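There are 2 protein chains.
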Amino acid sequence: MSLRSFFDPKSVAIIGASGTPGKGGYALIENMTKTDFKRKVYPINPKRREILGLKTYPKINKLPEVVDLAIIVINNEAVPQMIDECGSFGIKNVIIESGGFAEASERGKELEKDVLRKARKFDMRVMGPNSIGMIDTSSGFSTPYVPIEAVKKGRVAFVGQTGLLESVFIPLIQNIGVSKVVCMGNKCDVDECDVLEYIIDDSSTDIIAMYIEGIRDGRRFIKIIERSEKVLIVLKGGRTTYGARAVSSHTGTICGENRVYDALFEQYNIIPVKSFEELFDLVKVFISQPFPNGNCVGIITVTGAGGVTASDCCEDNGLEIASVSSRTLEKIREVYPTWAPVKNPLDVWSAIEKTGSEEVYRRATEEFLADGGVDAVIPVIGAVSWMELDIRLFLHLKKKYPQKPIILVGLLGEPDILLRWKKILEPEIPVFPTAERAIKALALLEKFGRKSILKKNKMLRNPH
Amino acid sequence: MSLRSFFDPKSVAIIGASGTPGKGGYALIENMTKTDFKRKVYPINPKRREILGLKTYPKINKLPEVVDLAIIVINNEAVPQMIDECGSFGIKNVIIESGGFAEASERGKELEKDVLRKARKFDMRVMGPNSIGMIDTSSGFSTPYVPIEAVKKGRVAFVGQTGLLESVFIPLIQNIGVSKVVCMGNKCDVDECDVLEYIIDDSSTDIIAMYIEGIRDGRRFIKIIERSEKVLIVLKGGRTTYGARAVSSHTGTICGENRVYDALFEQYNIIPVKSFEELFDLVKVFISQPFPNGNCVGIITVTGAGGVTASDCCEDNGLEIASVSSRTLEKIREVYPTWAPVKNPLDVWSAIEKTGSEEVYRRATEEFLADGGVDAVIPVIGAVSWMELDIRLFLHLKKKYPQKPIILVGLLGEPDILLRWKKILEPEIPVFPTAERAIKALALLEKFGRKSILKKNKMLRNPH
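Going down the list, the sequences are from chains A and B. Numbering of the first sequence is given in the working numbering, commencing with residue 119 and proceeding in unit increments. Numbering of the second sequence is given in the working numbering, commencing with residue 119 and proceeding in unit increments.
Here it is as structure tokens:
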């Protein structure tokens, strides 16, 4: 059964709608109706006649139509009864935003079981409990308290057992561009397999980034992944004893054996990450950069120490420092003082003093991109106001050499400068504050690309 | 022989002084004389009569006095001859800023050998070549192009084979506060042992943070470290084959066996880091936080997923999630809705909805700090504008519980908010954008503190 009614319902009931600004049941309606006029929104509230200009209904069975989706934000104890009322009226899709279920206590676990039992009776799909729902930039539907116009359309779907992606992290997601964000909460019914199945057929999504605490049905998960051609990046919470214990008071999920997940991810070319930072770093690189032809990197850096630490990091992550042709080096040497060494990693400091930052970075980056031995280029620039160059030069070079990844490093320094560069370059060229983060992301891009090609070749040889 | 004349010379000659704004030999004089009036600065330039209001001298031997320090910024080929001239005149301390020596070519290696041979003849100490010198906030002396008033006084010395610390990274060092910054360059003469020996007796320094590509005299290094009571954090460049190769075109240093360094650092409680980011993270934590009594952490977080990933990271880094007393949990439960679980890691979301961010974070942090089972507290707060709280509440708590480390996490979100929090809290309380960075730094603080106590006990038992 498709989840379409969750992502693009024609009509929605808000059970627990509130007329008090600041309450969840108020903000939800406010955000849902502010920019989205194409669907019907019905607030359910026995004490008021209207909320935000919408007529309210005292009970679900007084609605003029059977809505596609009901969103429940009432107290946990009252939820099972409400599932009965929704089911009796014919509603087939429900999001439970309320907390106080399996994540909270033994009583909560019972309530959650009760909810599920009742839902099954009516053939009803339930997302949550403890879920703030979804944002869909294609359909324009949004259930969290975040106004959908604050979310930039893009080609990445974020799926998680957390509302973090739809609250605190919104400004970060914003830089990337989003197709869908889904918070599954406790996954009493709708789980990662249901959501993945829906999203791998979604033409607006290229990359799926997930935070999960457990996969319920491994076999089904594998079947879905096997027919998917999208990039899947996964942050698995609860890898450790402490982490697994914390999971039980978050969503009540069973975490499972860590090494089983490791093996699963390795075999099916799913990219595992250890933190949200890494998750966003990878998404930024995968959404904007082509797969490199090989693992040979050209590094252009403002300091010798930067070249040294970047080289260490490349080797740590399985990348090679590219051998650059003598022709390339000759072309670059033109902007250098005679005494200075010209090689990869390229320390541009002495050249900057002679020729100026902009000309040196343009020349070096372009020659590295043009060199057949270089598979990807990482220009490292001090993010400081005295570094005089028009950062858009990298956009021109990206257009000229679209087949090779460029990842820019605006080396720590002044945070304002870094933010400005991000604004100008991203999402075309990802910008990181350290070479280490850029190198790690590039290494995973290379590994994933290589494994994808192997997978495709194998599929060609052994057609199903 | 002390390096005092490098850090606090009474008189300085600038060989290669320039009257052209934008040139190194101009900026150097400009910055050195702008705020520092207590020492004599003599520009050496045969073609001009004055630079920036200072009388110039055509040759070093025409100076009215033998200066404490000469700084050389002329072309590499002319440097050996200039060493002869300085030595003949009686100058004992020289910084060579010029590049084009061992880091550049075979010819440069010869030039460097020549420089050293001549310097030895005159009993002269040479820093560099390829060094931009030092900043000393106590003496007010500064040789890089950075105005010394831009550098905040503090208790951390940064020592490196790179000018990065005195250029791009200045805004970051700024937040921490600096006693000295030293760029040793190629270390043809003055090396890390000379500088360490000087700085471990420097009463204005508590922490020494180093970037090095090699240690020349291991035995001497150990002797110095053994009598030091300062914290030493080291980023060793050239750990890998590629890194070592990059070192040869940076400072021409020999990197040595990686495992020898690992063993050395482990035995002498030197803290190794793998990136500049980690170097600054540790400095921020070590300079402001006490050593914890144990490895049990209290984590307060805005989301369940945040608690899960932080728990995973704690276990990865050898920290434990603290068992919190039931009295503590009772006190915290007062700000929670009845259905919500209260434990460590503590998810405050439901409490915020009931009681408000500020009261919840204050209550939870204070109760965790007061609990005997908790050795350190990490509050994780979404760095977003809708999170309403006065961040200074943590400064009050720090004063009340000075014996326990607090490290704040302003979780990604809006960069402006994070910068504002850093400005208000640092250096008293370090602020990181991810829990992972806070946890890694805390784990190293705990390990270092534990080993330091062992070392002191051992010293008491076996007095030298």
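For each residue, glycine too, the CB sits at the ideal point set by N, CA and C. Note that the structure is predicted; figures quoted are calculated from it, not measured.
Suppose you measure from the CA of A/K298 to the CA of A/A268; what does that come to, to the nearest Å?
Straight through space, the alpha carbons of A/A268 and A/K298 are spaced by roughly 13 Å.
### Query
Mind checking B/H514: buried by the 16 CB within 10 Å criterion, or exposed?
It counts as exposed.
Using 8 Å for Cβ pairs, my map puts A/E331 next to B/V426. What's the rounded Cβ distance? Their Cβ separation, rounded to whole angstroms, is 6 Å, which keeps A/E331 and B/V426 in contact under 8 Å.
Contacting residues, own chain, Cβ-Cβ under 6 Å from B/K569 (five flanking each side not counted): Apart from the 5 residues on each side of it in sequence, B/K569 sits with its Cβ closer than 6 Å to the Cβ of N387 in its chain, given in chain order.
Query - A/P581 burial status per 10 Å Cβ neighbour count (16 or more: buried) - result: With a pLDDT of 46 at A/P581, under the threshold of 50, the modelled position of this residue cannot be trusted, and the question is left open.
So, is the C-beta of B/F394 closer than 8 Å to a C-beta in chain A? For B/F394, the answer is yes, since a Cβ of chain A falls inside 8 Å of its Cβ.
inquiry  = At a CB distance below 9 Å, what residues from the stretch 178 to 203 of chain A approach chain B? Give them in sequence order.
reply    = Those would be N193, N194 and E195, in chain order.
* Report back the beta-carbon spacing between B/L560 and B/V415 to the nearest angstrom; my notes put them in contact at under 8 Å. => In this structure B/L560 is in contact with B/V415, their Cβ atoms being roughly 7 Å apart against a cut-off of 8 Å.
Contact check, B/A428 vs A/Q279, beta carbons under 8 Å:
One thing to note: B/A428 has its Cβ no nearer than 8 Å to the Cβ of A/Q279.
Open item on the list: I believe A/G246 touches A/I214 by the beta-carbon criterion, under 8 Å. Please report the beta-carbon distance rounded to the nearest angstrom.
Closed with: Here A/G246 really is in contact with A/I214; their C-beta atoms are around 4 Å apart, less than 8 Å.
Exercise. Are B/Q132 and B/I178 close, meaning C-beta to C-beta below 8 Å?
Worked result: One point to set straight first is that residue 132 of chain B is Ile, not Gln, in the sequence displayed. For B/I132 and B/I178, no; Cβs fall outside 8 Å.
Problem set entry | Whole-angstrom distance between A/G272 and A/V184, CA atom to CA atom | Their backbone Cα atoms lie some 32 Å apart in a straight line.
Review point. With respect to the beta strand (DSSP E) encompassing B/G390, which residues constitute its N-terminal and C-terminal limits?
Key: Inspection of the sequence shows that residue 390 of chain B is occupied by Pro rather than by Gly. Its beta strand (DSSP E) spans residues I389 to V391.
Quick one: which chain B residues come within Cβ less than 9 Å of A/P410?
Neighbourhood of A/P410 in chain B, by CB distance below 9 Å: empty, with the nearest CB roughly 17 Å away.
* Asked: What does A/G278 touch in chain B if you count any residue whose Cβ is under 9 Å from its own?
  -> When 9 Å is used as the limit between beta carbons, A/G278 is near these residues of chain B: A423, in chain order.
Original post:
Does the beta carbon of B/E476 come closer than 8 Å to any beta carbon on chain A?
Top reply: No, B/E476 does not count as interfacial toward chain A.
Checklist entry - Just to confirm, are B/A327 and B/V403 a CB contact at a threshold of 8 Å? => result For the pair B/A327 and B/V403, the CB atoms are not nearer than the 8 Å cut-off.
Query raised in the report: Is there contact between the stretch 358 to 373 of chain B and the stretch 282 to 296 of chain B, where contact requires at least three CB pairs shorter than 8 Å?
Result: Contact fails: fewer than three Cβ-Cβ distances are below 8 Å.
**Prompt:** Using 8 Å as the limit for Cβ to Cβ distance, is A/S367 near chain C?
**Reply:** Any reference to chain C falls outside this structure, whose protein chains are A and B.
Item checked: Residue-level contact to chain B via CB, A/D465, 8 Å cutoff -> Interface residue, yes.
Please tell me whether B/P390 and B/K354 are closer than 8 Å, where the distance is taken between their beta carbons.
In this structure, B/P390 sits near B/K354, with a CB-CB distance shorter than 8 Å.
Whose Cβ in chain B lies nearer than 7 Å to the Cβ of A/E347?
-> From the beta-carbon of A/E347, no residue of chain B is found nearer than 7 Å; the closest lies around 28 Å away.
- Task: Assign B/H582 to one of three DSSP states: helix, strand, or coil.
- Result: Note that B/H582 scores 46 on pLDDT, short of 50, meaning its location in the model is unreliable; the coordinates nonetheless yield the value given after this. In the structure shown, B/H582 sits in coil (DSSP, three-state: anything other than H, G, I, E or B).
### Message
Closer than 8 Å is the cut-off here; do at least three beta carbon pairs connect the stretch 507 to 526 of chain A with the stretch 451 to 458 of chain A?
### Response
By the Cβ test, the stretch 507 to 526 of chain A is not in contact with the stretch 451 to 458 of chain A, since fewer than three Cβ pairs between them sit closer than 8 Å.
| request: Have a look at the DSSP bridge pairing and note the partners of B/Y160. | output: Partner residues in the beta bridge of B/Y160, as assigned by DSSP, are B/A131.
**Study point:** Separation of B/I189 from A/E478, as counted between CA atoms
**Key:** For the sequence presented, residue 478 of chain A should be read as Val rather than Glu. Linking A/V478 to B/I189 through their CA atoms gives a straight-line distance of about 28 Å.
Chain A contacts made by the stretch 286 to 299 of chain B, where a contact means CB separation under 7 Å: Residues of the stretch 286 to 299 of chain B with a C-beta less than 7 Å from any C-beta of chain A: V286, F287, P289 and L290, listed in chain order.
* Asked: Would you say A/I405 faces chain B, with C-beta separation under 8 Å as the test?
  -> Judged by the 8 Å Cβ criterion, A/I405 is not in contact with chain B.
Note to self: Just to confirm, is the Cβ distance from A/S503 to A/E532 under 8 Å?
What the structure shows: Yes.
*Proximity winner among A/I325, A/A135 and A/G281, relative to A/V165 (alpha-carbon distances)*: The sequence given here places Lys at residue 165 of chain A; Val does not occur at that position. Closest by alpha carbon: A/A135.
Query raised in the report: Would you call A/K522 buried or exposed, if buried means 16 or more other Cβ atoms sit within 10 Å of its Cβ?
Result: Its Cβ being crowded by 16 or more others within 10 Å, A/K522 is buried.
Item to complete: Per DSSP, which residues does A/M505 bridge with? Please list them.
Response: The partner list for A/M505 (beta bridge, DSSP) is empty, contrary to what the question assumes.
Contacting residues, own chain, Cβ-Cβ under 8 Å from A/F566 (five flanking each side not counted): Within the same chain, Cβ atoms closer than 8 Å to the Cβ of A/F566 are found at V349, N387, I389, F404 and F409, the five residues on either side in sequence being excluded.
Ordered along the chain, which non-local residues of its own chain (more than five positions away) have a Cβ less than 8 Å from that of A/E310? Within the same chain, Cβ atoms closer than 8 Å to the Cβ of A/E310 are found at V277, M302, M328, I330, I333, R334 and F339, the five residues on either side in sequence being excluded.
> Are any of the Cβ atoms in chain B nearer than 8 Å to that of A/G281?
Replying inline: Taking CB atoms only, A/G281 has a neighbour in chain B less than 8 Å away.
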